[in-house]
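Numbering (the working numbering), first residue to last: 44 to 230.
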């Protein structure tokens, strides 16, 4: 268990990698980026592939050691957060809000955790619906948070056009923490 959260089969390298990635995010998001420590009253937007993203599941479970956190979620159709993960957060005193757009999810959030949508997991129908960038500067500006929000990603990031991932046009924003995440993961 890590922070009171069961880690599953400790011998499974994929589970270990997801827990380590989530731990790096925790260490970077609030401590490395200079924001207040995670806890009551904080809002975290989680956008992208919430169904298959193990780091998303680990992050929400690890953050659920605190109560009073609001998780604002957005995912493409059929890639939503598994109910068991949402229920874990709720039973620990946190709020889950399903949002209809990325702009809605990141509005008023302290941190956004954007995950890559893995094309290999999508049906042809979903593939045709998921185009462009998942999260870019324009969407953050529409939400009014471009200069204030901490931006995190489990990495690696697919910066190709139409990858439906975190766009490289956010690289100059003051809250981008992905390079700090990389540094923290290598220490």
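Even for Gly, the Cβ is constructed at its ideal location relative to N, Cα and C.
- Rounded to whole angstroms, the separation of the alpha carbons of residue 155 and residue 200 is 15 Å.
- Residue 213: not part of any beta strand (DSSP E); DSSP gives it neither H nor E.
- For residue 128, the uninterrupted alpha helix (DSSP H) segment begins and ends at 126–134.
- By the Cβ test, the region 107–115 is not in contact with the region 199–213, since fewer than three Cβ pairs between them sit closer than 8 Å.
- Residue state for residue 178 is assigned as strand, using DSSP reduced to three classes.
- Apart from the 5 residues on each side of it in sequence, residue 187 sits with its Cβ closer than 8 Å to the Cβ of 150 in its chain, given in chain order.
- Residue 89: member of the beta strand (DSSP E) spanning 86–90, first to last residue.
- As the crow flies, the alpha-carbon of residue 197 is around 24 Å from that of residue 84.
- With distances taken between CA atoms, residue 139 lies nearest to 116 out of 121, 116, 146 and 125.
- Between residue 94 and residue 202, the alpha-carbon positions lie close to 21 Å from each other.
- When C-alpha distances from residue 120 are compared across 217, 86, 129 and 143, the shortest belongs to 143.
- Its Cα nearest to that of residue 146, the residue 90 stands out among 125, 135, 90 and 191.
- Distance check between residue 96 and each of 152, 158, 190 and 127 places 158 closest, using alpha-carbon atoms only.
- With distances taken between CA atoms, residue 107 lies nearest to 127 out of 127, 220, 205 and 184.
- Relative to the Cα of residue 135, the nearest Cα in the group 182, 104 and 205 belongs to 104.
- In this structure, residue 153 places its C-beta atom within 8 Å of the C-beta atom of residue 86.
- Taking the CA atoms as reference points, residue 223 sits about 31 Å from residue 130.
- Counting only the Cα atoms, residue 98 lies some 15 Å from residue 132.
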